[in-house]
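**Q** If you scroll down you'll find the structure; I have some questions about it.
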Amino acid sequence: MKVKFMKLNEQHKSIKPEIDTAIERVLDNSSFILGSEVEDFEKQFASYNKTKHCIGISSGTSALTLSLKALNIKPGDEIITPVNSFIATSVAISSVGAKPVFIDINKDTYNIDHTKIKKKITSKTKAILPVHLYGQSLNMDKITEIAEEKNLHIIEDACQAHGAEYKNKKVGSIGNLGCFSFYPSKNLGAFGDGGAVITNNEELAEKIRMFRNYGEKKKYHHKVIGENLRLSGLQASILKIKLKYLDNWNQSRKNNAALYNRLLENIDIITPRQIQDHVYHLYVIRTKNRQELQNFLTKNGIQTGIHYPIPISLQEAYKHLNHKENDFPVSEQYSKEILSLPMSPELTPEEITYVTNKIKEYNKH
Ligand SMILES: *Cc1c(COP(=O)(O)O)cnc(C)c1O
């Protein structure tokens, strides 16, 4: 049996007639750049997240960068962020000239350890940029408490957590700004790159709208030096369709995670600890023999991943920050032990049973 890490082709087969119709409509109405497709999607995604504004952006990374720019983050500023995330979170901070100040992760949730934030706040700290990693919501009350006390902005990186909730609010809608990626493999994915920022703040929304489109407020009237970082109309037309299925797909991910948890009980493997709502973008286990187990699963036709093998502090790109080994002991230890098992809404109970049986087989010898 072969088990793919995810099954995008099956997801798309299931909605192909709707997608075909949408693509034909865009060819007919030619709303390729901004226009009605992007506007409709922005309205729908804002309404889904219960925010006043949504701005479609060309990628999740650019959504983060423009959010930092809108908050006037400048060279010399410091931004608090977790050391275990996809590199894009830190890259966005660096691209506006600011410095990422890393925080180790919580042992249970693998999200930023909020108890370690205050010690790292200096007079240069301007914002906290936490990540709802793997699809599990952060404890936003704790983050908000620190931000209010220290007068910091919050930008939520919700690129792995579309639809996850914290106390009945969607993640991304709680901080000053929330950023999403629609990279194809995300819980809500386009057919190429895409992203969005959500916010209730009119002024920030307006700035981001200008920044993504050459600084224009009115055609050929440029208020600021902006860039070309727009969500494409074709992607928006596809995202509109997929948004309708997001809650169902997330429910399937949750069911799949519950089955994994049940079948992996009483085995020498650490399964994910769910403390807040979790939409299981990734299902990440831990084991001391990660490399051997991964090789064994690969040999048995099971695709797995590692998210992420090197903490950002030890990436070559961040050499200049002079971090040493053991600066972030939890992340460093976990980066050697984590393994992401196949996860998608389309994953079947038979496939999950096969994967867990193979893990048991491996553990026996
Ligand atoms: C995917 C991702 C991003 C970047 O999104 P892109 O659309 O690929 O630019 C940022 N942060 C996290 C946590 C991500 O998973």
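In this note's numbering, the protein residues as written are 2 to 366. Glycine included, every Cβ here is placed at the ideal spot set by N, Cα and C. Every value quoted in this text rests on a predicted model; they were computed, and no experiment measured them.
#1: Distance check for Asp-29 and Ile-104, CA to CA, integer angstroms please.
#2: Using CA coordinates, which residue listed in Asp-248, Asp-109 and Lys-53 is at the minimum distance from Gln-277?
#3: My understanding is that Asn-85 touches Tyr-309, with C-beta atoms under 8 angstroms, so please give their C-beta distance in whole angstroms.
#4: Who are Cys-160's beta bridge partners in DSSP?
#5: Sorry if obvious, but does the Cβ on Thr-82 come closer than 8 angstroms to a heavy atom of ligand 1?
#6: Under a Cβ-count criterion, where at least 16 other Cβ atoms within 10 Å of its own Cβ denotes burial, should Gly-61 be classed as buried or exposed?
#7: Measuring CA to CA, which of Arg-26, Ser-48, Gly-302 and Phe-297 is closest to Asn-201?
#8: Considering Cα atoms alone, identify which of Ser-68, Lys-170 and Glu-157 is closest to Arg-213.
#9: Keeping to the same chain, check which residues put their C-beta closer than 8 angstroms to that of Leu-9; ignore five residues upstream and five downstream.
#10: Quick check on DSSP: helix, strand or coil for Gln-277?
#11: Cβ of Lys-3 within 9 angstroms of Cβ of Gly-306?
#12: Do Leu-348 and Ser-233 have their CB atoms nearer than 9 angstroms?
#13: Using a Cβ-Cβ cut-off of 7 angstroms (strictly less than) and excluding sequence neighbours within five positions of Ile-311, which residues of its own chain qualify?
#14: Determine the direct distance from the alpha carbon of Gln-137 to that of Asp-248, and round the result to whole angstroms.
#15: What is the DSSP secondary structure of Arg-213, counted as helix, strand or coil?
#16: Using only alpha-carbon positions, find the residue among Ile-271, Ile-339, Glu-228 and Val-102 that is nearest to Ile-321.
**A** This is what the structure holds:
#1: 49 angstroms
#2: Asp-109
#3: 6 angstroms
#4: Looking at the DSSP assignment, Cys-160 forms no beta bridge with any residue, so it has no partner.
#5: no
#6: buried
#7: Ser-48
#8: Ser-68
#9: Pro-185, Ser-186, Gly-190 and Ser-345
#10: coil
#11: no
#12: no
#13: Ser-336
#14: 15 angstroms
#15: coil
#16: Residue identity differs from the one stated: residue 321 is His in this sequence, not Ile. The candidate whose alpha carbon is nearest that of His-321 is Val-102.
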